[in-house]
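Chemist: Heads up: the sequence shown begins at 1 in the UniProt record's numbering, then just goes up one per residue.
Have a look at this one before I ask anything.
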Amino acid sequence: MIYINGRFLGKKDGIGRFSLEICRGLQALGLPFTLVVPEWLSYDNSDGFSIVRYGRLRSHFWEQVDLLRFLLREGRPLLVNFSGLGPVWYKNQVVTIHDLAVFVEPRWFSRSYRLFYRLATPLAARSARAILTVSNFSKGEILRFLDVPEGKITVIPNAVSRQVVAGEGTAGPIAGAYVLAVASLDPRKNHKGLINAFTDPALDDYTLVLVGKTASNFNLKLGLVSQRNIRFLGFVSDVELRLLYKGAAVFVCPSLYEGFGIPPLEAMANCCPVIVSDIPIFKEVCGDAVVYVDPLRVEAIRGAMLQVLSDASLQRELVKKGLRQSEKFSWNASAAKVKRVLEFLG
Numbered sequence: 001m002i003y004i005n006g007r008f009l010g011k012k013d014g015i016g017r018f019s020l021e022i023c024r025g026l027q028a029l030g031l032p033f034t035l036v037v038p039e040w041l042s043y044d045n046s047d048g049f050s051i052v053r054y055g056r057l058r059s060h061f062w063e064q065v066d067l068l069r070f071l072l073r074e075g076r077p078l079l080v081n082f083s084g085l086g087p088v089w090y091k092n093q094v095v096t097i098h099d100l101a102v103f104v105e106p107r108w109f110s111r112s113y114r115l116f117y118r119l120a121t122p123l124a125a126r127s128a129r130a131i132l133t134v135s136n137f138s139k140g141e142i143l144r145f146l147d148v149p150e151g152k153i154t155v156i157p158n159a160v161s162r163q164v165v166a167g168e169g170t171a172g173p174i175a176g177a178y179v180l181a182v183a184s185l186d187p188r189k190n191h192k193g194l195i196n197a198f199t200d201p202a203l204d205d206y207t208l209v210l211v212g213k214t215a216s217n218f219n220l221k222l223g224l225v226s227q228r229n230i231r232f233l234g235f236v237s238d239v240e241l242r243l244l245y246k247g248a249a250v251f252v253c254p255s256l257y258e259g260f261g262i263p264p265l266e267a268m269a270n271c272c273p274v275i276v277s278d279i280p281i282f283k284e285v286c287g288d289a290v291v292y293v294d295p296l297r298v299e300a301i302r303g304a305m306l307q308v309l310s311d312a313s314l315q316r317e318l319v320k321k322g323l324r325q326s327e328k329f330s331w332n333a334s335a336a337k338v339k340r341v342l343e344f345l346g
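Structure below.
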């Protein structure tokens with residue numbers, strides 16, 4: 001029996017999307033598994049997953065105590081964690097490490113977050129039977145920071161979810177021309193750099209639309225969103241997100257660090273020109289289908305926006321290349337790779 005840590009169910013971030021899409025793919029491929037979730041977790045289960053509820057503790061306490069107790073009761077079966085780490089001392093498990101930002105820049109995170117993950121991640125990585133990660137860049141980071149053999153790591157890329165590109169309607173929630181950014185309020189997403197770049201009078205005819213959830217575990221104070229042409233929408237549904245991508249004049253992602261970065265791919269799949277940071281992971285994911293900028297130079301971000309917005313030919317070229325690039329990634333292919341890993345582990 002394969003059990004999957006189901007604490008991700010209901011999460012609306014990129015890690016939650018990865019976990020859900022891989023589970024959907026494994027189910028479609030006929031791999032039997034059961035999701036283990038806390039008793040308090042609310043989820044409508046429209047996918048028809050096999051689910052067992054166990055334990056009432058919250059957060060990491062549930063994984064480290066209740067989930068471990070359940071696994072020991074069941075005879076130490078294989079546990080798969082798509083959203084991160086499971087019980088750190090449990091050996092018969094697969095863990096997923098999406099990125100190692102907490103090792104690269106601890107100051108981006110709250111004290112409790114960085115203390116837990118800087119201690120738990122190496123322990124879980126060494127005790128697990130296999131490690132999944134979302135990019136070759138993140139694989140390199142795991143080899144750089146954690147003492148694990150390379151053969152233990154399998155790269156399982158993210159992709160674009162069907163509901164973010166398919167559907168009716170063309171009218172989004174924003175009137176007029178706008179520049180779009182989709183990212184949680186996390187300092188590594190570099191919202192401050194983007195907002196500062198948007199102060200140029202040449203951009204007065206555009207609205208900067210910021211989409212993404214807030215997170216208490218990150219250290220970020222944005223005392224900057226007071227300009228009349230900046231709107232923060234917070235979390236939006238997949239339908240709203242698709243319409244925002246389709247209506248945007250350009251999508252901008254000036255991140256300082258990513259393990260993968262799904263939003264640029266989503267934007268490309270929705271025929272939106274894309275500007276991203278000149279960082280290694282985006283070279284891997286985005287290829288030659290985007291405009292690259294130095295995320296630490298506000299004038300570079302501003303210049304790239306003005307360049308794309310004023311050049312219709314460049315916009316058409318980016319849209320064409322972006323569609324082609326986004327099609328290189330598939331949740332079905334990624335789920336098939338996971339299935340092979342799990343079958344090998346028995």
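Cβ atoms here follow ideal geometry from the backbone N, Cα and C, with glycine treated the same way.
If contacts are defined as beta-carbon pairs under 8 Å, then Ala183 and Lys189 qualify, I think. What distance do you get, rounded to the angstrom?
Modeler: Stepping through the sequence shown from its first residue, residue 183 is reached at position 183. Stepping through the sequence shown from its first residue, residue 189 is reached at position 189. With 8 Å as the limit, Ala183 and Lys189 qualify as a contact, their Cβ atoms being about 4 Å apart.
Chemist: Would you mind working out which of Tyr292, Leu180, Leu35, Glu343 sits nearest Ile4, comparing C-alpha positions?
Modeler: Indexing the sequence shown from 1 puts residue 4 at position 4. The shortest C-alpha separation from Ile4 is found at Leu35.
Chemist: Rounded to whole angstroms, what's the CA-CA distance from Trp108 to Val298? Just pull it up for me.
Modeler: Walking along the sequence shown from the start, residue 108 turns up at place 108. Walking along the sequence shown from the start, residue 298 turns up at place 298. Roughly 20 Å separates the two Cα atoms.
Chemist: So the candidates are Asn229, Ala249, Thr154; which of them puts its Cα closest to the Cα of Ala177?
Modeler: In the sequence shown, residue 177 corresponds to position 177, counting from 1. With distances taken between Cα atoms, Ala177 lies closest to Ala249.
Chemist: Do you know offhand how far Arg231's Cα is from Val209's?
Modeler: Here the question's residue 231 lines up with position 231 in the sequence shown. Here the question's residue 209 lines up with position 209 in the sequence shown. If I take the Cα positions, the gap works out to 5 Å.
Chemist: Report yes if the CB atom of Arg56 is closer than 8 Å to the CB atom of Pro32, and no otherwise.
Modeler: Locating residue 56 in the sequence shown gives position 56, counting from the first residue. Locating residue 32 in the sequence shown gives position 32, counting from the first residue. In this structure, Pro32 does not lie closer than 8 Å to Arg56 by Cβ.
Chemist: Is the CB-CB distance between Leu318 and Val276 below 8 Å?
Modeler: The residue you call residue 318 lines up with position 318 of the sequence shown. The residue you call residue 276 lines up with position 276 of the sequence shown. Taking 8 Å as the Cβ cut-off, Leu318 and Val276 do not qualify as a contacting pair.
Chemist: Could you compute how far the alpha carbon of Leu203 sits from the alpha carbon of Ala175?
Modeler: As a position in the sequence shown, residue 203 is number 203, starting the count at 1. As a position in the sequence shown, residue 175 is number 175, starting the count at 1. Taking the straight line joining both Cα atoms gives about 16 Å.
Chemist: Tell me whether the region 115 to 131 and the region 93 to 100 touch, counting them as touching only if at least three CB pairs, one residue from each stretch, are closer than 8 Å.
Modeler: Judged by Cβ distances under 8 Å, the region 115 to 131 makes contact with the region 93 to 100, as three or more pairs qualify.
Chemist: Which word fits Gly6, buried or exposed, when buried means at least 16 other C-beta atoms lie within 10 angstroms of its C-beta?
Modeler: Stepping through the sequence shown from its first residue, residue 6 is reached at position 6. By the 10 Å Cβ count, Gly6 comes out buried.
Chemist: Where does Asn190 fall in DSSP's three states?
Modeler: Walking along the sequence shown from the start, residue 190 turns up at place 190. Here Asn190 sits in coil by DSSP.
Chemist: Could you give the C-beta distance for Ser138 and Ile97, rounded to a whole number, given that I count them as a contact under 8 Å?
Modeler: In the sequence shown, the residue the question calls residue 138 occupies position 138. In the sequence shown, the residue the question calls residue 97 occupies position 97. The Cβ separation is near 7 Å, so the contact holds.
Chemist: Given Pro254, which residues of its chain have a CB within under 6 Å of its CB, disregarding the five upstream and five downstream residues?
Modeler: Position 254 of the sequence shown, counted from the first residue, corresponds to residue 254. Asn190, Gly193, Leu194, Ser277, Pro295, Ile301.
Chemist: Compare the C-alpha of Ile153 against each of Ala159, Glu141, Trp40, Ser59 and name the closest.
Modeler: If you number the sequence shown from 1, residue 153 lands on position 153. The residue with the shortest Cα to Cα distance from Ile153 is Glu141.
Chemist: Any contact of the region 8 to 27 with the region 329 to 336, i.e. 3+ C-beta pairs under 8 Å?
Modeler: With the cut-off at 8 Å, the region 8 to 27 and the region 329 to 336 touch.
Chemist: Please name the residue, chosen from Gly234, Asn229, Pro263, Glu258, that lies closest to Arg242 on a Cα-to-Cα basis.
Modeler: As a working note, residue 242 is residue 242 in the sequence shown. Taking only the C-alpha atoms, the option nearest Arg242 is Pro263.
Chemist: Hey, would you say Phe251 sits closer than 8 Å to Val274, going by beta carbons?
Modeler: To locate residue 251, count along the sequence shown from 1; it is residue 251. To locate residue 274, count along the sequence shown from 1; it is residue 274. In this structure, Val274 lies closer than 8 Å to Phe251 by Cβ.
Chemist: By Cβ distance, which residues of its chain are closer than 6 Å to Phe103, with the 5 residues on each side in sequence left out?
Modeler: The residue you call residue 103 lines up with position 103 of the sequence shown. Excluding sequence neighbours, Phe103 sits near Phe145.
Chemist: With a 10 Å radius around its C-beta and 16 neighbouring C-beta atoms as the bar for buried, classify Ser326 as buried or exposed.
Modeler: For this step, residue 326 is matched to residue 326 along the sequence shown. It counts as buried.
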